[in-house]
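Participant: Just so we're aligned: the sequence shown equals residues -14 to 500 in this note's numbering. Using N, Cα and C, we set each Cβ at its ideal position, and we do this for glycine too. Predicted model, so just to flag it, every value in this text is computed and none were measured.
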Amino acid sequence: MDPAAFASPSFDACVQGSSFQPLNPEDVRAYLYKAADFIMDYYTSVESMPVLPDVKPGYLRDELRASPPEHSAPFDVTMKELRTSVVRGMTHWASPSFFAFFPSTNSAAAIAGELIASAMNTVGFTWQAAPAATEMEVLVLDWLAQLLRLPTSFMNRTSVGRGTGGGVILGTTSEAMLVTLVAARDAALRRIASNGMSYITRLTVYATGQTHSTFFKACRLAGFDPANLRSIPTEPETDYGLDPAKLLEIMQVDFDAGLVPTYICATVGTTSSNAVDPVSTVASVAAMFNAWVHVDAAYAGSACICPEFRHHIDGVERVDSISMSPHKWLLTCLDCTCLWVRDTNRLTDALQTNPEYLKNDATESGEVIDLKDMQVGVGRRFRGLKLWMVMRTYGTAKLQQHIRSDVAMAKAFEDLVRADDRFEIVVPRNFALVCFRIRARGTMTEEATDEVNRVLINRLNISRKAYLAHTVVGNRFVLRFAVGSSLQEDRHVRSAWELIKKTTAKIIDGEEIVQ
-14 MDPAAFASPS FDACVQGSSF QPLNPEDVRA YLYKAADFIM DYYTSVESMP VLPDVKPGYL
46 RDELRASPPE HSAPFDVTMK ELRTSVVRGM THWASPSFFA FFPSTNSAAA IAGELIASAM
106 NTVGFTWQAA PAATEMEVLV LDWLAQLLRL PTSFMNRTSV GRGTGGGVIL GTTSEAMLVT
166 LVAARDAALR RIASNGMSYI TRLTVYATGQ THSTFFKACR LAGFDPANLR SIPTEPETDY
226 GLDPAKLLEI MQVDFDAGLV PTYICATVGT TSSNAVDPVS TVASVAAMFN AWVHVDAAYA
286 GSACICPEFR HHIDGVERVD SISMSPHKWL LTCLDCTCLW VRDTNRLTDA LQTNPEYLKN
346 DATESGEVID LKDMQVGVGR RFRGLKLWMV MRTYGTAKLQ QHIRSDVAMA KAFEDLVRAD
406 DRFEIVVPRN FALVCFRIRA RGTMTEEATD EVNRVLINRL NISRKAYLAH TVVGNRFVLR
466 FAVGSSLQED RHVRSAWELI KKTTAKIIDG EEIVQ
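1. Per the DSSP calculation, residue 455 is bridged to which residue(s)?
2. Any idea what DSSP makes of residue 309, helix, strand or coil?
3. Grouping DSSP H, G and I as helix and E and B as strand, with all else coil, what is residue 187?
4. Given a threshold of 16 other Cβ atoms within 10 Å of its Cβ, counted over all protein chains shown, does residue 284 qualify as buried or as exposed?
5. Would you call the CB atoms of residue 409 and residue 424 closer than 7 Å?
6. Rounded to whole angstroms, what's the CA-CA distance from residue 174 to residue 87? Just pull it up for me.
7. Could you tell me if residue 350 is buried or exposed, where buried requires 16 or more neighbouring beta carbons within 10 angstroms of its beta carbon?
8. Classify residue 110: buried if its beta carbon has 16 or more other beta carbons within 10 angstroms, exposed otherwise.
9. Which residue spans inside the segment 263 to 304 form an unbroken alpha helix (DSSP H) run of at least 4?
10. Quick check: what's the CA-CA separation for residue 500 versus residue 69?
11. If you drop the 5 nearest sequence neighbours on each side, which residues of the same chain put their C-beta closer than 6 Å to that of residue 494?
12. Taking the alpha-carbon of residue 14 as reference, which of 83, 80 and 100 has the nearest alpha-carbon?
13. Buried or exposed, going by whether 16 or more other CB atoms sit within 10 Å of the CB of residue 5?
14. Please check the pair residue 245 and residue 188, which I expect to be a contact at CB under 8 Å, by giving their CB distance rounded to whole angstroms.
15. Sorted by chain position, which residues of the same chain lie with C-beta nearer than 6 Å to residue 83's C-beta, five sequence neighbours on each side aside?
16. Given residue 456, which residues of its chain have a CB within under 6 Å of its CB, disregarding the five upstream and five downstream residues?
17. Which two residues bound the contiguous alpha helix (DSSP H) that contains residue 419?
18. What does residue 249 pair with, by DSSP beta-bridge criteria?
19. Please report how far the alpha carbon of residue 136 lies from the alpha carbon of residue 287, in whole angstroms.
20. Any idea which residues DSSP pairs residue 151 with across the strands?
21. On the DSSP letters alone, give me the boundaries of the alpha helix (DSSP H) that residue 175 sits inside.
22. For residue 40, collect the residues of the same chain with a Cβ closer than 8 Å to its Cβ; drop the 5 residues on either side in sequence, then sort them by chain order.
23. Tell me whether the beta-carbon of residue 304 lies closer than 7 Å to the beta-carbon of residue 326.
24. Using CA coordinates, which residue listed in 255, 107, 205 and 21 is at the minimum distance from residue 364?
25. Measuring CB atoms only, is the segment 188 to 206 touching the segment 254 to 269, in the sense that at least three cross pairs come out at less than 8 Å?
26. Of the residues 490, 67, 487 and 449, which one's Cα is nearest the Cα of residue 85?
27. Assuming residue 155 and residue 360 form a contact by the criterion Cβ under 8 Å, report the distance between their Cβ atoms to the nearest whole angstrom.
28. Report the three-state DSSP secondary structure of residue 363 (helix, strand or coil).
The following block contains the structure:
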């Protein structure tokens, strides 16, 4: 028998018979056109959708397949399932009726930038792996540093060349906190002449009860003893900002007990109430103990591109690091958190990796920045592109206009609340967050007042006509009204206020709300 009869098919025949081209140019064009149409339809119709979905846990598994499909399907089928099953289960952060949390803003320029970055799909762990991605990130961070009027010590490039400081774009504030905690930890251990981790139980960190909860998670991940995490209570006398006198007292007690004050997290715009910690005086206290100061300006940092809000970060030249998230309020879609440090060596000393397969001439020259050494992981996305496209397309004036418009709408809402004697403003408004509640009436106890406000927010959210969140400030249950969704206009704020008034009237009068 001819052995050729048993020969395997040729390589070319196998390739031809199983041809699969996931980046077929015609498919790319067709799919992206359909995706663009979906996005346009979504943004034009999201206002009419209930801001909160009416679905039960597990609904998507029931509507879509519980097992992965074996065979391909037309892209139109995929898009149909997206429209019919996924969209109806979304909480619509893009809705102009979304007032619950700090906004997750977006823009045409950011969406385009994210799309292009995804298409390029670069993995920019070293400069050589993606020169333009690294250069873009360095450039846009320096641009934003200039808008914030950060000192040149925080910039990657200055008029005289490469500086000692610089920045990196991370995914979230949690990452910014974690990497700076690790850098501060290692610096403190070197300071007390420890070559290992045996003295880590002596290191202490400081924040307030208003500091974002992710900070304490990051402390645990960085190895700090939970017993050495100091959460300092705040009071209405400081508008719930950190009291430097209390900070000094607590740090001194720790120091006298043989502990090592290591890190302070000051917040500009806390999540609960938008409180602002006094950056300059906190830095003064920290300097007495050589402690690292990090400023978390995740939300409110965007406002500081406007001169009238810049004073909130006065003293920043004396801190060690600052972070802010353009994905919250600067029209740049998730994820995009900018971290600047005054001395990048303190960060890279703690985080640098140098495996053989990543060694290259550019890195060895010392003339470039390898951003992998300023983050936890090695791989990294081309995040700088969307931020650059936002800043290049809209310019400083329009970005400032965007911030000022949101603040003006929040002030208008605050004025409406103050004019209605059924309500009270709980903390002074900073930026575009209003914290308010139904005030106690007659013989109502604090517990009863809290319960009335719980009923109010529950009924507002059940209506799905608006979405608000709550917090507890000074042991009082408070409603948070955060203005800033990219599609919000004054009419949406006024519509939400009308809903709040009508719902409150029915609660106070003891009527049932009609669903």
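Facilitator: In this structure, then:
1. 464
2. strand
3. Residue 187: helix per DSSP, three-state reduction.
4. buried
5. yes
6. 36 Å
7. Exposed is the call here.
8. buried
9. As for any alpha helix (DSSP H) of minimum length 4 sitting wholly inside the segment 263 to 304, the runs are 264 to 274, ordered along the chain.
10. In this predicted model, residue 500 has a pLDDT of only 32, less than 50, meaning its place in the structure is not dependable; the value taken from the coordinates is given anyway. Their Cα atoms are separated by approximately 24 Å.
11. none
12. 100
13. An exposed status is given to residue 5, since fewer than 16 other beta-carbon atoms sit within 10 Å of its beta-carbon.
14. 5 Å
15. Annotation for residue 83: 36, 452 and 470 place their beta carbon closer than 6 Å to its own, counting only its chain and skipping 5 residues before and after.
16. 257, 463 and 465
17. Where residue 419 is concerned, there is no enclosing alpha helix (DSSP H), although the beta strand (DSSP E) it sits in stretches over 418 to 423.
18. 191 and 278
19. Straight through space, the alpha carbons of residue 287 and residue 136 are spaced by roughly 17 Å.
20. 326
21. 158 to 176
22. 73 and 74
23. no
24. Proximity to residue 364 across 255, 107, 205 and 21 peaks at 107, based on C-alpha coordinates.
25. Enough Cβ pairs lie closer than 8 Å, so yes.
26. Closest option to residue 85, Cα to Cα, is 449.
27. 6 Å
28. coil
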